[in-house]
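**Student:** Residue numbers (the numbering used here): 560 to 775.
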């Protein structure tokens, strides 16, 4: 029986970071892939809840292979299966895919900028399926070899210097900055409120003590 796996909650951050690290290392030439020294057009990639839902729908069938879920003409798909007693972290799953030539090309497809994954298990195994917005077709190289970031249209990512920034990543940075600033303002306001409250309490205590002395 196939059971939904709830631990997918930790994947949006950990899997995106692991995947971007691999892409960044190849893009900057820290890791050579098929003889290339660096990549000029590889995008930073982010988690997509939409693709995650699609992947979850697929993986809940506990497929023996990705094609069990149907034909994927417009999406890239990666499939992973392991025994339940075989402990593997997110980065290890990504690294395993990277060691497999065809799967590695999907991970390194330059135009990809979004992906999402789903997890499920049966009595013996755990299944992971990830969907990507761009599919590696084999018609051309996964990425364009050349000077790092030379073909980036929106500049390079601030977090992953070898990868190209995308409209989505800029939006995420803007949202993150907005949330951070909003949180800082809230903390500053709370701190000021506590300070004023303490000041008022001290003032009340002083008045009460003065009244007490007068009474005595």
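Ideal placement from N, C-alpha and C gives every residue a C-beta, glycine not left out. Note that the coordinates shown come from a computational prediction; the quantities given were computed from them, not determined experimentally.
(1) Suppose you measure from the CA of residue 645 to the CA of residue 679; what does that come to, to the nearest Å?
(2) Would you mind reading off the limits of the alpha helix (DSSP H) that contains residue 690?
(3) Can you tell me whether residue 675 is helix, strand or coil according to DSSP?
(4) Are the CB atoms of residue 671 and residue 602 nearer to each other than 8 Å?
(5) Leaving out five residues on either side along the sequence, give the residues of the same chain with a beta carbon under 7 Å from the beta carbon of residue 714.
(6) Count the CB pairs spanning the region 694-704 and the region 716-723 that are closer than 8 Å, and state whether there are at least three.
(7) Am I right that residue 656 and residue 637 are in contact with their C-beta atoms under 8 Å? What's the rounded C-beta distance?
(8) Per DSSP, what are the beta-bridge partners of residue 650 in this structure?
(9) Run through DSSP, which three-state label would residue 704 get?
(10) Could you have a look at residue 734 and say whether DSSP puts it in helix, strand or coil?
(11) Once DSSP output is grouped into helix, strand and coil, what is the label at residue 598?
(12) Going by DSSP in three states, residue 712 sits in which element: helix, strand or coil?
**Tutor:** According to the structure shown:
(1) 15 Å
(2) Residue 690 -> not in any alpha helix (DSSP H); beta strand (DSSP E) instead, spanning 684-691.
(3) strand
(4) Contact check for residue 671 against residue 602 passes: the beta carbons are separated by less than 8 Å.
(5) Leaving aside the five residues that flank residue 714 on each side, the residues in its chain whose CB is nearer than 7 Å to its CB run, in chain order, 724.
(6) no
(7) 6 Å
(8) Bridge partners of residue 650: none, in fact.
(9) strand
(10) Because the pLDDT at residue 734 is just 41, under 50, the model does not fix this residue reliably, and the value given afterwards should be weighed accordingly. Residue state, collapsed to three classes: helix.
(11) DSSP places residue 598 in strand when its eight states are reduced to three.
(12) Coil.
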